[in-house]
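For the sequence shown, the positions run 54 to 531 when this note's numbering is used.
Idealized CB from N, CA, C, for every residue including glycine.
Taking it in order: structure first as structure tokens, then the write-up.
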Amino acid sequence: MKTAAETLSPTRVKLTVEVPYDELKPSIDAAYVAIGSQISVPGFRKGKVPARIIDQRVGRGAVLQEAINEALPNFYGQAVEEAEVRPIGQPEVEITAVPMDDSEPLAFTAEVDVRPEITLPDLDTIAVTVDDVVVTDEDITERLDQLRTRFGTLVPVERAAGVGDFVSIDLAATIGEESIDEVAGISYEVGSGNMLIGLDEALTGLSAGESATFTAPLAGGDHAGEDAECTVTVQSVKERELPELNNDFAQLASEFDTLDELKAEVNATTERAKKFEQGLQARDKILEHLIDTLDVPMPESVIEHEVNHHLQEEGRLEDAEHRAEVDESTRRALKAQFILDALVEQEDVDVSQEEFVEYLLMQAQQYRMDPSEFAQAIDANNQVPSMVSEVARRKALAAVLDRARITDASGNVVDISELGVEEDAEDEPSLPILEVDADDLLDDTIEGEVVEADAVEAPADEAAPADEAAPADEAAKA
Numbered sequence: 054m055k056t057a058a059e060t061l062s063p064t065r066v067k068l069t070v071e072v073p074y075d076e077l078k079p080s081i082d083a084a085y086v087a088i089g090s091q092i093s094v095p096g097f098r099k100g101k102v103p104a105r106i107i108d109q110r111v112g113r114g115a116v117l118q119e120a121i122n123e124a125l126p127n128f129y130g131q132a133v134e135e136a137e138v139r140p141i142g143q144p145e146v147e148i149t150a151v152p153m154d155d156s157e158p159l160a161f162t163a164e165v166d167v168r169p170e171i172t173l174p175d176l177d178t179i180a181v182t183v184d185d186v187v188v189t190d191e192d193i194t195e196r197l198d199q200l201r202t203r204f205g206t207l208v209p210v211e212r213a214a215g216v217g218d219f220v221s222i223d224l225a226a227t228i229g230e231e232s233i234d235e236v237a238g239i240s241y242e243v244g245s246g247n248m249l250i251g252l253d254e255a256l257t258g259l260s261a262g263e264s265a266t267f268t269a270p271l272a273g274g275d276h277a278g279e280d281a282e283c284t285v286t287v288q289s290v291k292e293r294e295l296p297e298l299n300n301d302f303a304q305l306a307s308e309f310d311t312l313d314e315l316k317a318e319v320n321a322t323t324e325r326a327k328k329f330e331q332g333l334q335a336r337d338k339i340l341e342h343l344i345d346t347l348d349v350p351m352p353e354s355v356i357e358h359e360v361n362h363h364l365q366e367e368g369r370l371e372d373a374e375h376r377a378e379v380d381e382s383t384r385r386a387l388k389a390q391f392i393l394d395a396l397v398e399q400e401d402v403d404v405s406q407e408e409f410v411e412y413l414l415m416q417a418q419q420y421r422m423d424p425s426e427f428a429q430a431i432d433a434n435n436q437v438p439s440m441v442s443e444v445a446r447r448k449a450l451a452a453v454l455d456r457a458r459i460t461d462a463s464g465n466v467v468d469i470s471e472l473g474v475e476e477d478a479e480d481e482p483s484l485p486i487l488e489v490d491a492d493d494l495l496d497d498t499i500e501g502e503v504v505e506a507d508a509v510e511a512p513a514d515e516a517a518p519a520d521e522a523a524p525a526d527e528a529a530k531a
């Protein structure tokens, strides 16, 4: 097979491929077998029809079409390897010559977008500034209040419900005369906003025994999205009573004997959390710096496809102003991906099995799926290479983080390596790049992964010659 590559632009190439008849023949033979098993010819058993009879019945062109459609993905993949190009998206294929006999080759062209070549800067010269680590009295108070909340008790009150109160409610939903669903004895925190739209407003001001009616779209079931008339009845109102800040509380909530010791630990934990935030801020600023300073050619057809897909999903194809916003965010996200991929190559990043499993577990938790089921799902959808690439990009960015010069607003050098220590489960985590979701890493992501294109189907016409959260969730589905 002969392959020639022509650079059309920094992000697009045209492959011209010529395949000798001998290399296509196995696919032609397979096409005869496939077609022969599908047709019935008097005097011949199905699957035993000679090639010349098949040519008479369905035409040589149909056989070649079957053969070329079957073989083209493999030939295209070989051409990509021979030309040493890195395609993204699907190519535009044109069959330019079909072999009518064994003296003629198959010829086709394929235009495809490719990853641009990027010249990265000296990573040791990158410098960013992050916020100072300052722990205030308000920070300590906020963390202590959070801790007190965890050990608070619910106490019945004889008054109207307000934001932050816990109520026991009955909830019923109807559409017209039809009763959709009813639930009783649901515990709900007023103001949490994790049930029906309008529920918080309806509950505010109600006392035990009182009811209110409101209209809200249903969140699940056969009538999901439809407006229903919802009636909520308050059975009881409770408020959270927080324990006093004293030595007894310190002993209850921690391993410490005194409140002063607990406060000292909260201060240290808060400082570690703010240093962790410094690391995240440095990571984001480094990526922003690379995006803003590097000149990266962009594949326009890929961007157009992603933008149109995004707008079509939203039903806003004709919204010119929104199109401009989506176009800008798509370009920025794709540019970030190209830069990170270039860093992966330059830093020779490998992904270990442990790192991949860590990322897989994190993603399974994010999607609230059993890890085994999540792993089976990504494997069935051929998403494993994409996930490995994502882990590699994060490791590459971590490598830049280690080499860049990072200072705080006061001019002090920030040592990111200090954040690599393990923390207790309830403390702030260290700074593993893997823990950050892709949306945080790239700010705005395009619709789907820009995957390496390793397969293509030839168009048929071209191939031929011619807490009680569970009950609350159930109520939300009413």
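Cβ pair A457, I171 closer than 9 Å: No, these two residues do not count as a Cβ contact at 9 Å.
Endpoints, alpha helix (DSSP H) assigned at L333: 312-346
Contact under 9 Å by Cβ, S264 with G238: no
Paired residues, beta bridge with A160 - DSSP: Partner(s): E71, A150.
Start and end residues, alpha helix (DSSP H) containing E302: Glu is not the amino acid found at residue 302; the sequence shown has Phe there. Here the alpha helix (DSSP H) through F302 covers 300-306.
Cβ neighbours of D551 in the same chain (closer than 8 Å, five flanking residues each side left out): Here the chain comprises residues numbered 54 to 531, so residue 551 is not present and cannot be evaluated.
Range of the contiguous beta strand (DSSP E) that encloses S240: 231-242
Cα-Cα separation between N385 and R369, rounded to whole angstroms: Rather than Asn, the amino acid found at residue 385 in this sequence is Arg. Taking the straight line from one Cα to the other gives about 21 Å.
Proximity of L77 and I121 at Cβ, strictly below 9 Å: It is a contact, given that the beta carbons lie within the stated cut-off.
Of the listed residues T64, R168, N127, nearest to L393 (C-alpha basis): R168
E123: first and last residue of the uninterrupted beta strand (DSSP E) it sits in: E123 -> not in any beta strand (DSSP E); alpha helix (DSSP H) instead, spanning 113-136.
Minimum length 4: unbroken alpha helix (DSSP H) runs contained in the region 398-437: Counting whole runs of 4 or more residues, the region 398-437 contains the alpha helix (DSSP H) stretches 406-419, 424-433.
Proximity below 9 Å, CB of D198 to CB of L295: yes
Sub-9 Å separation of E297 and F309 beta-carbons: no
Exposure of A449, with buried meaning 16 or more beta-carbon neighbours within 10 Å: buried
Exposed unless 16 or more other CB atoms sit within 10 angstroms - verdict on D185: exposed
Where R421 falls, given that 16 or more other Cβ within 10 Å makes a residue buried: Exposed: under 16 other Cβ atoms inside 10 Å.
T284 beta carbon less than 9 Å from that of G262: no
Which listed residue (Q334, S382, Q365, P350) has its alpha carbon closest to that of A451: Q334
Beta-ladder partner(s) of F219, from DSSP: E242, K291
The region 147-165 / the region 428-436 touching (three or more Cβ pairs under 8 Å): no
Cβ-Cβ distance between D290 and S260 below 9 Å: It should be pointed out that residue 290 corresponds to Val in this sequence rather than to Asp. Yes.
Span separating the alpha-carbon of E157 from that of V410: 51 Å
Identity of the residues DSSP links to F309 by a beta bridge: The partner list for F309 (beta bridge, DSSP) is empty, contrary to what the question assumes.
Residue range of the unbroken alpha helix (DSSP H) whose run includes L271: Where L271 is concerned, there is no enclosing alpha helix (DSSP H), given that its DSSP letter is neither H nor E.
Chain D contact for D313 (CB, 9 Å cutoff): The question asks about chain D, but that chain is absent: this structure has only one protein chain.
Own chain residues within Cβ distance below 8 Å of E135, not counting five before or after: M54, T56
Contact between the region 105-117 and the region 76-90 (3+ Cβ pairs under 8 Å): yes
Closest by C-alpha distance to S463, when choosing among P63, V181, I92: V181
Cβ-based burial, G278 [other Cβ within 10 Å; buried from 16]: exposed
Simplified DSSP state of A226, which is helix, strand or coil: strand
Alpha-carbon to alpha-carbon, L312 and G205: 17 Å
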